[in-house]
Each structure stands twice: as C-alpha cells, then as structure tokens.
Amino acid sequence: MTQNIQTSDHYEYIDTQSGLKRLVKKLQSARRIALDIEANSLYHYYEKVCLIQISAGKANFIVDPLAGCDLTDLLDLISRKDLIFHCGDYDLRMLKQSYGFHARGRIFDTMLAAKLLGYKRFSLLDLIEHFTGIRVSKSSQKSNWTKRPLTEKQLLYASNDTRYLELIADQLEIQLREKDRLHWHDQTVERLLTVIEDIGPPINCNRIWRIKGARELDRHQMAILRELWWWRETEAGMTDRPPFKIMSNDKMIGIVRALRHQKADPDKLATLIKIPKNFLPDRVARLHNALLRALGMPSEQWPDRIPGDYRPDYPTELFELLRRETAHQARPYDIDPSIIAPRAVLGRIAGACPDNLESMHECAPTLLPWQSRILYEAFMRVIRDFNENK
Numbered sequence: 293m294t295q296n297i298q299t300s301d302h303y304e305y306i307d308t309q310s311g312l313k314r315l316v317k318k319l320q321s322a323r324r325i326a327l328d329i330e331a332n333s334l335y336h337y338y339e340k341v342c343l344i345q346i347s348a349g350k351a352n353f354i355v356d357p358l359a360g361c362d363l364t365d366l367l368d369l370i371s372r373k374d375l376i377f378h379c380g381d382y383d384l385r386m387l388k389q390s391y392g393f394h395a396r397g398r399i400f401d402t403m404l405a406a407k408l409l410g411y412k413r414f415s416l417l418d419l420i421e422h423f424t425g426i427r428v429s430k431s432s433q434k435s436n437w438t439k440r441p442l443t444e445k446q447l448l449y450a451s452n453d454t455r456y457l458e459l460i461a462d463q464l465e466i467q468l469r470e471k472d473r474l475h476w477h478d479q480t481v482e483r484l485l486t487v488i489e490d491i492g493p494p495i496n497c498n499r500i501w502r503i504k505g506a507r508e509l510d511r512h513q514m515a516i517l518r519e520l521w522w523w524r525e526t527e528a529g530m531t532d533r534p535p536f537k538i539m540s541n542d543k544m545i546g547i548v549r550a551l552r553h554q555k556a557d558p559d560k561l562a563t564l565i566k567i568p569k570n571f572l573p574d575r576v577a578r579l580h581n582a583l584l585r586a587l588g589m590p591s592e593q594w595p596d597r598i599p600g601d602y603r604p605d606y607p608t609e610l611f612e613l614l615r616r617e618t619a620h621q622a623r624p625y626d627i628d629p630s631i632i633a634p635r636a637v638l639g640r641i642a643g644a645c646p647d648n649l650e651s652m653h654e655c656a657p658t659l660l661p662w663q664s665r666i667l668y669e670a671f672m673r674v675i676r677d678f679n680e681n682k
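Residue numbers (the numbering used here): 293 to 682.
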C-alpha cells in the first residue's frame, strides 16, 4: 500500500571543512555511492552546483558547496567509487564543468535502466513508489537552491534524491541481467562518459541561436532572431537570470513574425511589438536597438539557410520505412523505439543508404553495438528493397 509521506530518515548536513573530513573517512569503506546534485539553472544565468547529496548504505549526507569548503578530497574519493545516479548526464556534466570531476568507477543509472526495461513511468518519484511503496513529495523540486538557509523541507527533499537509489539500482540490475540487457546499459553509459570527457568543438555562433521555430523563418527574419537571441543572452548575463526568464523562445519567434517585411523605423517599432510590463527603460532601449540593427541590416549579412533546416536531406520515404522497422524491432522488447535508434540516427542512415555494417557505423557513429545487432539485418533488407523499387 502506498504511503503518502515525505520520509524522515536521518541525514547529515555538512557545511564545514571538519565535517567534510569526517565524511571522507566514513566513505572510505563504501562499496558504492549514490550521488545527486542540485543546481541553480532555474534561477541564474551562471550555473553552479548548490548541493551534493550522497548516500552510502543507510547513511545519507548533504554537502553544501556554497559554504566555501575545499571539496577536493571528497570529490577525489567519490571519483574512484562505483556510483549510482538517476539520469546522471546533467550531474556528471555539472561536476566536470565545476570541479573537473572524472568518474573512474562503474556507473549505474536508474532512469536509463528503467527505460531499457520498458518501464512506462521512470521518474525517480515513480521508481521510489514502485519499489518501496513510498510516495515522496516533489514540492521542493523547483526550489532556488542558492538561497540560505535552506528549510528542513528542502533538505529532506534533497536527501530523498539519493536515499533509495541503491535499493532501486539493485532491483533494476537484477531485471537487466534476467533479460540479458545489462550490456545495453553499460554500453550506453560508456558512450555518455566519452561524450562528457571529450573536449567539444567551439560553440558555433552561426547555429546556437537557431531555436525551435527558426526553420519556418526566411533569411531576413532569421537575422532578426539572431540579434534578438544575442540581446537576450546579454540581458541574462547582466542580471544573472536564466534566458527564459528574460524572454521565452515563443515570445521571440512571435516578435520576429510581427516584424516581417518591416524596415528600421523607430516610430513603428513600439506599435508592432508588445513589451513585457516588467522591462525597465534601459532594457527596452537595448531591445529596440537590437531590433533596429537587425531591421537595417543589409541582405548580404543575413544568415544563410543551412541544408536540412527547411527540408530533410534524406529520402523521406526511406526514413519512414526505417522508422516503422525500428518500431517493429522494438516491439518484442517492449521499449520505446527511440531508445534503439533516435530520429537523428534514422535520418543519417536514410541519407547515406549504407550497404554493410561498416558503412552503417560510418554514417551513424553513435549507434551502439547492441543497437546494431537488433537493427542491422532488418535495415539492410529495408534499404535493399527501397533501392530495388525506386
């Protein structure tokens, strides 16, 4: 029977160097550690780790990185342990970005495991309830974790993020082994770690501003969107607020469409767009300047269309056949087809029309061995039939 409670098990809050030293000593003998972080991306432009939650056995800890303590010894110890996360992608990226953290032990991700097993509900709260019968409150989910002092309610919520992970991981790993899918999990985690560890290419300033909805814009409108996007980034950085709290993507697209075929006329600008009421005069002036700059920009400075932005660069009929075949292959495993091959992978394969395993991996290098084993023969048959019937 489900218990509608917010658990009251003990946790230790650590915000001193002496407390960290004791924690490191306690964790020395831990076989593995459940780990989670709370960050401030909902409230600030400059992201930072605000809490680190740790569970080992029945012991639960909350470390406060904002207390100014040196976390080096703790993070070094944790990096050498086997770790359990729930959707650990963001946590690992933030830890690397903030502290240069490199996980060297085995990682088990409970959300990934649940997806690979075909769970339809795989949030942490769903899994806690499924395996323990406890319904944990999510009322502090969108807290501002930079504010101090934190309330008991917030700390309890944070502690619950790791309290049950070891129990859940044990059960999910048993199920993965029973279905011979543990290697699916391990290969996927290995790819994630490779992506995180690799130093990515420089930010492509010609693409980063292309938000949802940009594909339907003409070149002049894209020039307006580009200036509007950079204006929002500047405002967000100046005020240390998330860009979406300055202006939403939908609002920006709406402004761009309202200015279609307009010229740089300051008198008309104020009547064409609706300025949010909370904008101070200086911000309104900077917004107007950005829009006037875009409206007056010569056409040779407008962004070029990038292939694929307006129509797919692959045969849509073949893409649809591959999509259907992926769904067919996923059915016996009772998992979402996108877990075997996301749309981007299907698009690359449809565009390249590979005729062997090597060429399929060349055009879709993110395809993992377990995914290839499921799809290869079926995809080769679909591509061969498609080419013969053209």
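Note that beta-carbon positions come from the ideal geometry of N, C-alpha and C, so glycine has one too.
- In the structure shown, the three-state DSSP call for Arg396 is coil.
- Bridge partners of Arg324 according to DSSP: Asp374.
- For the 9 Å CB-CB criterion, Ile516 and Leu583 form a contact.
- By the CB criterion at 9 Å, Leu319 and Leu369 fall inside the cutoff.
- Secondary structure of Ser431 (DSSP, three-state): coil.
- The beta carbons of Thr486 and Leu660 sit no closer together than 9 Å.
- Nearest C-alpha to Tyr335 among Asp381, His394, Thr531, Asn681: Thr531.
- Taking Leu564 as the centre and dropping the five residues before and after it, the same chain places the C-beta of Ala550, Leu551, Gln554 closer than 8 Å to its C-beta, in chain order.
- The residues Arg640, Ile641, Gly643, Ala644, Pro646, in chain order, have a CB closer than 8 Å to that of Cys655 in the same chain once the five nearest residues on each side in sequence are set aside.
- The residue among Asn648, Asn436, Phe611, Glu508 with its C-alpha nearest the C-alpha of Ser333 is Asn436.
- Gly425 and Leu457 have their alpha carbons spaced roughly 14 Å apart.
- The C-alpha of Gln663 lies about 7 Å from the C-alpha of Ala633.
- Arg385 is the residue among Gln463, Gly546, His620, Arg385 whose C-alpha sits nearest the C-alpha of Lys340.
- If you ignore the 5 residues before and after Glu612, its C-beta comes within less than 6 Å of no other C-beta in its own chain.
- No Cβ-Cβ contact shorter than 9 Å links Leu464 with Leu509.
- Under DSSP, Asn352 takes part in a beta bridge, and its partners are Ser347.
- Using a Cβ distance threshold of 9 Å, Ile376 and Leu343 do not count as a contacting pair.
- Annotation: the continuous beta strand (DSSP E) that includes Ile306 extends over 304-306.
- For Leu387, same chain residues with a beta-carbon under 6 Å away, outside a window of 5 residues either side, are Phe393 in chain order.
- The C-alpha of Tyr305 lies about 9 Å from the C-alpha of Gly311.
- Annotation: the stretch 434-510 contains the following complete segments of the alpha helix (DSSP H) (minimum length 4 residues), in chain order: 444-455, 457-470, 474-489.
- Excluding its 5 nearest sequence neighbours in each direction, Tyr337 has C-beta neighbours in its own chain below 8 Å: Ala528, Gly529, Thr531, Asp532, Arg533, Pro534, Pro535, listed in chain order.
- No Cβ-Cβ contact shorter than 9 Å links Lys407 with Ile666.
- Here Lys373 is buried, its C-beta having at least 16 other C-beta atoms within 10 Å.
- Only exposed fits Thr608, as fewer than 16 other CB atoms lie within 10 angstroms of its CB.
- DSSP, reduced to helix, strand and coil, places Asp626 outside both helices and strands of the structure shown, so it counts as coil.
- Val548 counts as buried, since at least 16 other C-beta atoms from the protein chains shown sit within 10 angstroms of its C-beta.
- For the pair Gln467 and Ala405, the CB atoms are nearer than the 9 Å cut-off.
- The Cβ atoms of Gly349 and Ser371 do not sit closer than 9 Å to each other.
- 9 Å or more divides the Cβ of Asn541 from the Cβ of Ile488.
- Nearest to Leu366 by alpha-carbon distance, out of Val316, Asp478, Lys412, Ala351, is Val316.
- Closest by C-alpha distance to Asn648, out of Gln446, Asn581, Arg676, is Arg676.
- In the DSSP assignment, Val316 forms no beta bridge with any residue.
- Taking C-beta atoms under 8 Å as the contact rule, Tyr303 and Phe353 qualify, at a distance of about 6 Å.
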